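Protein chains in written order, with the UniProt record's numbering: chain A, 1 to 615; chain B, 1 to 615.
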């Protein structure tokens, strides 16, 4: 069983970022749990590695960094250096066990530098590579791929209906998913309820920690997400010509640290910068924590609090015992679920990217922690995939195309199970229509990963919103099963037959000994049967060196040769060990995959303003 | 546009029954709207038509009533007669416009007699035809077809998870549904959100009327469905040996009238029979109305009340305009949706039959009310299906196998669109594994149908719970579109090009007239061009009788023969009429279909207690 460094705090350490396009992944485990009051440690991921003037050179750059456009790299060089210097500083501070406050400060600065580099990279990318989002969305809505739900009642933000074409596309995407994963990998698909009683989500940490800070207009009650509003307010102040350079620097510092503020610190900043409601100019309440789950009451009594699930994964963990039994008690095995999840966003924006109800497809691959090796990894080892490792990110480097096998061998990807799923996810996304040159896998940095996770990679696509996370793939160790087992006192473990160390004894050739010693043979046989291993080892050495050894028993001497006796090695299965499986979790946001496909396939005919979607 | 007899009251008139197996249909339109305080008028449907000793004779009976087991029919004959007599009485009262109270009383008695007949029929059926439910459910759970959700947390009643085999079966059932309906009928599939803002469900009537009465234990707050509890209490009293015959008759009367009581009457009965909590013996609160929708709050402000949808249909109605546009403005067309709906049952029982979260598949077929004819009806007209018409039910007769074409021709089924869907539903259910001899279509009786619906048939399967509704198929007229149009002021109509009545004029043969009258021909032509239809009719008659007619113009006479002139009939499209389409709604409860398949395919090997499911 893998140890969990700190089960109680482990869950608190995943956090969203302040960039909508990253945080808004329809429930990918790496982002939903945003701690209130605990220091958020997740970095942004808006960086781009495609900074070339045309696709050809972008491709060349991706395939190894050759033929880069010199002038662009010239602009980026100092920014890359700044990230690298800060990355080195963070590493040194950690190595020296520097005070946490110093490390956090340095990490925040590292993130800020990364963000500036990434923004510059995106700004320098060729303009013709960016889709005209307004035109695209207009086309999609006109042809009823999707549209706002309840439109004739005024609509509800964050809720969308898929029309006939969108629905057909979604069905196809899910059908391919089932073929590619469930069928090819022989995964156990299950179908759990969305209604979830409170104790389950209390255990998972969602009741306490799945929240964002918000402020309210004191008069009309309009709500705003605190970090979004503060950032927009500061940007407005900074754009004022009268704003001094000194003030600007100060405010830039606040934006940089946005993820790190406690509830009280945020409250103070709202006072300090005199933030009012942007719609009415009214005063605002201090920031309060708002849980992002939809609450309801199950049954008529009003005493069974429930929520709409924020992810499908919990249903799989709760059914672990039944699934293990279904798999005849053996590890590894995987279970999966396709279904809707819900997130009560404070102010949903960004169309299909940030919604309140969304379809997910999640796999939980349960594996013996001591055998984290995938037997089929060789099938994907030769794939060349754009990887943006943690190290590259903290060194100011670009994402690089790498052979998957090399990435696992070099330890960039923690183990071959994770590596296998990264390969399979890649193949799936290409199959359903994501553009190969707009897809990368970004590794979470140390400071954005939960304690219990040992490695985590997000599949990200490049869109007009920047790089957005569409699939998460995390090694979550044994955290979830352990939490539920503790809460319910039901052991969620697999039994693993334990083998005794290899042992050995004499194997006598009854015929040969009998032939040599006739009726005394029995004595020699009895003697050989009860030797201890130390003695056997010594005699084996003699047997190998001299071809014989001698024993004495009941006053008689026997010379035993190689044809009469040899040493047999064997192993016995004697005990059973309980093992809490580790979990590798690929988690797909179907709406975001669809959106990526829209952007990657939308074209406007040359010299023709009529847009077309080749679907 | 069809008139709606009473739009405000129409919705209130569908109600559930007191039998779990009927009411619990996972949202089939015909049952969910249970009015509080309004007289429920839906009959029970536990009747069975299979009262034979073996399948062979059951089949013969179904195929026309021959070869019936005489002794059983002897037992049933007086019961059938009793139903028929009461049915005649109800018809007479209605014909005489008798006071409503008298009609209601007679209808209640009719229902009671029907129920007794049905119970007897079921009791007389061969025992080997009934599945051993305990064994079957044990097998299904052991093999993880499905099991209670959140079991390691103690479970939540009415919530089930489907395991690998159940989930695969469900996927297959849905996949066949898509092929059979969406693809073969070219239906527009859409995918709407489950979260629904309150105004939508206020309009549809669910906020006010989708409720059951419940009573609460005054001390521990435990809740009971009022009608279920009262019935169980009375049955217990009646089973007491000391209970007088007089008392028994009285209580039987109460059970018979159960669906008809108002909130106050129910309250009085609870006092009169001194009903206490069956678990604790504590006092109970008076019956209160409990809305069956799960309530939640959308967005952070707490001011947008929302619910989890109780049916998928509303999403289709709200998207009507977009769908019509998608179909290029033309009727008829159909839209469909597959997805989960929710119903917060007071005390869910009966396993998969009555659950709080369930998957539905609904079709809304929009059709011009003046053209309720299905072009493909002939494809299904020759199907022989067991139909249990309203008339048969009120006459004490059995269900009868009928040719679908005959049922439509004879007006038993209202129109060929409804008939077509009944045929298609039948074919679908047989295809996925429902037993042909345990499937019937039962027509709603006048007094269980909403005012706005002109015909409604339920597909029912025979199970160990009796006959249960698994698909509803209703002609809902224009009710839903009209409600939403009124509430939103958005016209939900289709435009229908109007044709002028057939009109006619002279068609002159310019060449022939020119040849005959040279330069004067022009005069004749001008004259012919401006004749009124009355004059044309007269001259046409002459032309047909004499082969010629004569005209005079500008002092000149022209004799016109058949080769010079004829009368041309034509039609012009001049205006556009707005039409509110009617809706035919087949509505499938997927969980109930699955459950029926389980019962219809479960076998225990002869001489072997090990059960098998041939799936």
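Think of the CB as a built atom: it goes at the ideal place given N, C-alpha and C, for glycine as much as any other residue.
Given the structure is predicted, the values throughout are model-derived calculations rather than measurements.
Boundaries around residue 497 of chain A are those of the beta strand (DSSP E), 494 to 499, since no alpha helix (DSSP H) includes it. In the structure shown, the three-state DSSP call for residue 129 of chain B is helix. For residue 108 of chain A, the uninterrupted alpha helix (DSSP H) run begins and ends at 100 to 124, by DSSP. For residue 444 of chain B, the secondary structure class from DSSP, reduced to helix, strand or coil, is coil.
Contact of residue 484 of chain A with chain B is assigned, a C-beta pair being separated by under 9 Å. Contact residues of the stretch 185 to 200 of chain A toward chain B are 188, 189, 190, 191, 192, 193, 194, 195, 197, 199, 200 (C-beta to C-beta distance below 7 Å). Beta-bridge partners assigned by DSSP to residue 341 of chain A: A:358.
The beta carbon of residue 513 of chain B sits closer than 7 Å to those of 521, 524, 525, 564, all from its chain and outside the five residues before and after it, given in chain order. Annotation: Cβ neighbours of residue 147 of chain B in chain A (cutoff 9 Å, chain order): 319, 322. Per DSSP, residue 535 of chain A is one residue of the alpha helix (DSSP H) stretching across 533 to 546. Residues of chain A whose Cβ lies closer than 7 Å to the Cβ of residue 214 of chain B are, in chain order, 300.
Looking from the CA of residue 211 of chain A, the closest CA among A:343, A:602, A:352 belongs to A:343.
Less than 9 Å separates the beta-carbon of residue 156 of chain B from that of residue 299 of chain A. Taking C-alpha positions only, residue 531 of chain B is separated from residue 313 of chain B by approximately 55 Å.
In this structure, the straight-line span from the alpha carbon of residue 372 of chain B to that of residue 472 of chain B is close to 19 Å. In the DSSP assignment, residue 197 of chain B falls within the beta strand (DSSP E) that extends over 195 to 197. Annotation: Cβ neighbours of residue 164 of chain A in chain B (cutoff 7 Å, chain order): 188, 189, 190, 326. Rounded to the nearest angstrom, the Cβ distance from residue 367 of chain B to residue 331 of chain B is 6 Å, consistent with a contact under 8 Å. Residues of chain A with a Cβ closer than 9 Å to the Cβ of residue 161 of chain B are, in chain order, 190, 191, 192, 193, 315, 318, 319, 322.
With respect to chain B, the C-beta atom of residue 171 of chain A has a partner C-beta closer than 9 Å. Within its own chain, the residues whose Cβ lies closer than 8 Å to the Cβ of residue 180 of chain A, once the five positions on either side in sequence are excluded, are 424, 427, 428, 431, listed in chain order. Neighbours of residue 490 of chain B in chain A, taken as residues whose beta carbon is under 8 Å from its own, are 152 in chain order. Taken in chain order, the whole beta strand (DSSP E) runs of length 3 or more contained in the stretch 368 to 443 of chain A are 384 to 388, 400 to 403, 439 to 443. Chain order gives no chain B residues near residue 263 of chain A, where near means a beta carbon separation below 8 Å; the closest approach is about 16 Å. Around the beta-carbon of residue 375 of chain A, fewer than 16 other beta-carbon atoms lie within 10 Å, marking it exposed.
The beta-carbon distance between residue 338 of chain A and residue 174 of chain A, rounded to whole angstroms, is 6 Å. This is short enough to meet the 8 Å contact definition.
Boundaries of the beta strand (DSSP E) around residue 297 of chain A: 295 to 297. Taking C-beta atoms as the reference points, residue 144 of chain A and residue 326 of chain B count as a pair closer than 9 Å.
Below the 8 Å Cβ cutoff, chain A contributes 294, 295, 296, 308 as neighbours of residue 296 of chain B, in chain order. Judged by DSSP in its simplified three-state form, residue 586 of chain B adopts strand. The stretch 535 to 549 of chain B makes no contact with the stretch 377 to 387 of chain B; the number of CB pairs closer than 8 Å stays below 3. Put simply, the CB of residue 377 of chain A is far from chain B, with every gap to its CB atoms at 9 Å or more. Counting other Cβ atoms within 10 Å of its Cβ, residue 589 of chain A reaches 16 or more and is therefore classed as buried.
Two segments are said to touch when three or more pairs of C-beta atoms, one from each, lie closer than 8 Å; by this definition the stretch 463 to 479 of chain B touches the stretch 581 to 588 of chain B.
Nearest CB-CB separation between residue 158 of chain A and chain B: below the 9 Å threshold. Nearest CB-CB separation between residue 167 of chain A and chain B: below the 9 Å threshold.
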